[in-house]
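In UniProt numbering, the protein residues as written are 1 to 216.
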């Protein structure tokens, strides 16, 4: 079941992550150029976009996309099992439904989300470098110089810590609201909505707290 969850969270969300990452790279590049005033060295673009993507945009946007797709589906799946009494059947067979259903989803998200974040960051940076080269006349060498020369391991490490924390929040919210379903199909839909809203809010709160601890 863990591999099924890794596949569902990872490969199922990958197309969406790729699209979001392309526009993340483009928007971050355009906004950075807009903010640069005066005769700033061209390599500053690679430095600025790199840190922006690694620390903030990559982890947070990836987590929010996974939340929208996976937290809702987890809540809906478990909620449907609750309504159709499949969870009661597991209890009759002396199987702990919380461990049997929640643990694979938590571990699967824990494995898949950091990988998705790394892919997202790589795609965003490549797109940013290509846009800078062809539309802003900034050579790849200068962009790469700013990206690599001012790279800090703490930036990547801090971003990965965020994804680990976010993965737990996403899966826990989905499972929690799924198990809380008591009524019919309407409550299943409400549980999915509550899971997405709760996880999204917690991601933004924890983003601040992790940033405060790691980068503060």
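We treat Cβ as the ideally placed atom computed from N, Cα and C, and that holds for glycine. In this text, all values refer to a predicted model and were calculated from it rather than measured experimentally.
What separation, rounded to the nearest whole angstrom, lies between the Cα atoms of residue i and residue j?
i: residue 68; j: residue 102; result: 18 Å
i: residue 48; j: residue 141; result: 15 Å
i: residue 18; j: residue 120; result: 6 Å
i: residue 75; j: residue 196; result: 9 Å
i: residue 96; j: residue 208; result: 35 Å
i: residue 22; j: residue 167; result: 22 Å
i: residue 108; j: residue 25; result: 27 Å
i: residue 116; j: residue 110; result: 11 Å
i: residue 126; j: residue 90; result: 48 Å
i: residue 158; j: residue 171; result: 21 Å
When burial is assigned at 16 or more other CB atoms within 10 Å of the CB, is residue i buried or exposed?
i: residue 7; result: exposed
i: residue 85; result: exposed
i: residue 105; result: buried
i: residue 37; result: exposed
i: residue 13; result: buried
i: residue 88; result: exposed
i: residue 174; result: buried
i: residue 179; result: buried
i: residue 210; result: buried
With distance defined between alpha-carbon atoms, name the residue in the options nearest to residue i.
i: residue 219; options: 205, 204, 203 and 185; result: Residue 219 cannot be examined here, being either before or after the span of the chain that is shown, 1 to 216.
i: residue 42; options: 137, 178 and 214; result: 137
i: residue 124; options: 162, 210 and 57; result: 57
i: residue 201; options: 64, 213, 76 and 50; result: 64
i: residue 29; options: 98, 133 and 150; result: 133
i: residue 46; options: 2, 88 and 33; result: 33
i: residue 60; options: 193, 204, 115 and 191; result: 204
i: residue 54; options: 151, 206, 10 and 192; result: 151
i: residue 51; options: 160, 198, 180 and 155; result: 155
Helix, strand or coil for residue i? Go by DSSP, reduced to three states.
i: residue 96; result: coil
i: residue 182; result: coil
i: residue 85; result: coil
i: residue 177; result: helix
i: residue 42; result: coil
i: residue 138; result: coil
i: residue 158; result: helix
i: residue 203; result: helix
i: residue 115; result: helix
i: residue 150; result: coil
i: residue 1; result: coil
i: residue 216; result: coil
i: residue 17; result: helix
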